[in-house]
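These protein sequence lines are chains Y and B, in that order.
Numbering of the first sequence is given in numbering that gives the first Met the number 0, commencing with residue 0 and proceeding in unit increments.
Numbering of the second sequence is given in numbering that gives the first Met the number 0, commencing with residue 0 and proceeding in unit increments.
Presented below is the structure to which this report refers.
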Amino acid sequence: MVSAPEQKGQRPGGPMATRPLHFIWIADCSGSMMDGKIQALNTAIREAIPHMRKVAQENPNAQVLVRAVRFSDGAYWHIAQPVPVEQFEWADLQATGATDMGKALKLVAEQLKVPPMTERALPPVLVLISDGQPTDDFAAGLNALLDLPWGKKAVRIAIAIGGDANLEVLQRFINNPERPPLQANSPEKLVSYIRWASTAVLKSASSPHSEPKGASGGGNVPIPTPPSTPGGPQDVW
Amino acid sequence: MDGKSATVWHVAGARVVGATHKRADKPCQDAIRWEEGESFVVLAVADGHGGERSPHSDVGATLAVEGAVQFLSNFRTRAISSSLSALKHYAEDQLPQALVQDWIERVKEKADVSKSETRSEKEILLQYGSTLLAALVTPEFLLFAQLGDGDILTVMDDGTVTRLIPKDKRLIANETTSLCMPYAWREMEVVFQPVSAELPVLILLSTDGYANSFASEPDFLQVGKDYLELIRQQGLKQVAAHLEKWLTEASTCGSGDDIAVGLIYRDTSESKR
């Protein structure tokens with residue numbers, strides 16, 4: 000009679016798997032994004048995808064899974080199922096309506112509970128992009144997110160598009176005074192920050208090294224330095 | 000006590016460089032040590048944190064396992080004339096602080112703190128930060144200690160696998176309690192078990208890179224029963240000879256992290272002479 004370990008080539012234990020790393024875009028699709036911003040965002044994310052794939056290939060022990068939330072009048076999963084980055088394709092967002100950012104954070108929070116998250120996952124990366132003021136109960140959404148262990152541990156990046164973005168709420172989302180929101184006042188800067196979040200930050204989050212509990216105030220993934228993009232005449236937003 | 004004194008425990012173990020560290024040409028930051036004494040065995044594994052803030056954590060992990068094995072071996076020697084209740088009291092009340100302090104002293108000596116003008120002790124300890132899991136098995140008692148992530152499994156004769164120290168639910172996203180934390184001993188879990196009627200037949204200590212390589216918790220716990228089955232079929236030496244290969248496969252197909260695994264097996268077919 001052949002025993003269980005012998006049947007599977009002797010290696011002890013059950014099936015193995017790489018560690019999931021959930022990457023979630025949280026995109027403002029309010030009416031104020033209509034004047035070229037939404038198209039710039041669509042372009043920036045689309046251009047970042049090949050670079051995300053390259054980072055993922057360089058660390059095959061992290062299974063990068065991407066999805067997206069859009070918020071305007073309410074919040075919805077734009078890409079609901081976690082898609083392996085190798086198969087991820089960006090579908091264009093359209094802009095219209097209000098800025099229900101709080102509802103978007105609640106939507107994300109639902110997915111960061113255990114389950115569906117697993118304890119063995121790598122820290123998720125949440126990238127919030129907005130050009131305006133929340134029109135709903137932002138605090139309720141933020142609290143729902145930060146009340147969860149995975150919400151607290153998530154790498155939270157915020158990108159402000161244009162001068163009308165509410166930097167204070169984006170800072171509260173980041174929840175770390177040492178890391179201000181990134182200010183993108185032109186399509187070029189938006190591309191640069193989106194690229195940084197989807198490559199340098201992704202790479203840092205996919206490392207398996209440990210951090211002593213409480214040793215870092217703002218999360219246990221070291222955040223790389225964002226690209227330097229000084230303001231100037233090219234600012235259009 | 001005749002049945003107990005006839006019990007012989009043997010140890011085997013291995014550590015491997017994780018797939019991620021191989022790609023980055025970094026050293027293994029996990030460590031393992033053991034000692035088989037006349038009437039006891041002691042085993043320790045440790046996981047150095049890695050990362051930019053803990054550049055010497057491979058050394059810190061090595062100091063942790065060396066210190067724990069030496070300390071627990073001495074503890075065993077001193078324990079021979081003590082009552083079980085006194086040992087239990089010491090293990091639960093004083094051992095954590097003693098083990099942590101032993102590690103701190105070793106790190107300070109290694110880092111030559113007296114010559115450091117720019118770094119605080121806290122910064123130096125962080126540079127060497129590590130977890131620690133240890134087991135001491137004697138004819139009279141079993142003692143387990145754990146500070147930080149990782150797993151201690153016991154396997155009974157019928158293959159039942161138990162995680163001896165429950166997972167710390169606070170520790171997700173690669174965050175761990177550590178020897179380098181202020182008041183680290185408060186975070187150390189200690190289990191003291193007087194030898195009773197039923198002993199585990201196999202004890203497994205592993206760093207978190209091992210459990211993180213399996214698709215689920217049951218898939219990981221399956222290793223306990225599988226190792227026992229393999230040891231009974233092939234013997235501990237044969238299993239030990241395959242260990243590096245299996246752990247390398249686990250890291251490559253799973254977490255990518257360094258892995259250290261130690262096995263303590265109770266061989267009832269032998270008896271001490």
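A virtual CB, placed ideally from N, CA and C, is assigned to each residue, including glycine.
Remember, predicted model here, so these are calculated numbers, not experimental data.
Near residue i, which residues of its chain fall below 7 Å by C-beta distance, leaving aside the five closest residues on each side in sequence?
i	result
B:L124	I103, V106, C179
B:H241	none
Y:A74	V68, D99, K102, A103, L106
B:G255	G17, A18, T19
B:S38	T137, P138
With burial defined as no fewer than 16 other Cβ atoms inside 10 Å of the residue's Cβ, what is the status of residue i: buried or exposed?
i	result
B:D57	buried
Y:Q110	buried
B:G12	buried
Y:S71	buried
B:Q93	exposed
B:K3	Note that B:K3 has pLDDT 44, beneath the 50 cutoff, so the model's placement of it is unreliable and no number is given.
B:D148	buried
B:N211	buried
B:E228	buried
Y:E210	buried
B:Q28	buried
B:L310	Outside the shown range of chain B, which is 0 to 272, sits residue 310 of chain B, and nothing can be said about it.
B:R14	buried
B:Y182	exposed
B:M187	buried
B:E108	exposed
Does the beta carbon of residue i come closer than 9 Å to any beta carbon on chain B?
i	result
Y:N58	yes
Y:Q110	no
Y:T198	no
Y:T17	yes
Y:S206	yes
Y:A120	yes
Y:M0	Annotation note: pLDDT 43 at Y:M0 (below 50); position unreliable, no value reported.
Y:E85	no
Y:P81	no
Y:N142	no
For the beta strand (DSSP E) that contains residue i, what are its first and last residues?
i	result
Y:V220	Note, Y:V220: premise wrong, no beta strand (DSSP E); not H, not E.
B:I171	Note, B:I171: premise wrong, no beta strand (DSSP E); not H, not E.
B:L264	Before going on, a small fix: residue 264 of chain B reads as Tyr here, not Leu. Residues 258-266.
Y:A157	154-160
B:L42	40-46
B:R32	29-35
B:R14	7-15
So, at 6 Å on beta carbons, what are the nonlocal neighbours of residue i in its own chain, with the 5 sequence-adjacent residues on each side left out?
i	result
Y:A139	G101
B:Y264	H9, L201, I230, L235
Residue i CB to nearest chain Y CB: under 9 Å?
i	result
B:P217	yes
B:L125	yes
B:R169	yes
B:K166	yes
B:G221	The sequence given here places Gln at residue 221 of chain B; Gly does not occur at that position. Yes, because at least one Cβ of chain Y sits closer than 9 Å to the Cβ of B:Q221.
B:K271	For B:K271, the predicted structure reports a pLDDT of 42, less than 50, and the residue's modelled location is therefore unreliable. The matter cannot be settled from this model.
B:G255	yes
B:A259	no
B:S4	In this prediction, B:S4 scores a pLDDT of 48, lower than 50, which makes its location untrustworthy; the coordinate-derived value is nonetheless stated afterwards. Chain Y contact via Cβ: absent.
May I ask which residues mark the beginning and end of the alpha helix (DSSP H) holding residue i?
i	result
Y:V191	Reading off the sequence, residue 191 of chain Y comes out as Ser, not Val. Element bounds for Y:S191: 186-195.
B:Q233	216-233
B:V273	The structure shown does not extend to residue 273 of chain B, since chain B spans only 0 to 272, so no value can be given for it.
B:R75	56-78
B:D207	207-210
Y:Q182	Counting along the chain, Y:Q182 falls outside any alpha helix (DSSP H), though it belongs to the beta strand (DSSP E) covering 181-183.
Y:A204	201-204
Y:L144	137-145
Y:F172	166-173
B:T19	18-22
Ordered along the chain, which non-local residues of its own chain (more than five positions away) have a Cβ less than 8 Å from that of residue i?
i	result
B:R165	The displayed chain sequence assigns Pro, not Arg, to residue 165 of chain B. So the list is empty, once near-sequence residues are dropped.
Y:S203	V154, V220, P221, I222, P223
B:E91	V189, F191
Note down, one range per segment and in chain order, each alpha helix (DSSP H) of at least 4 residues found wholly within the region 50-130 of chain Y. 100-110
Run through the region 115-157 of chain B for me and flag every whole alpha helix (DSSP H) of 4 or more residues, listed as ranges in chain order. 120-126
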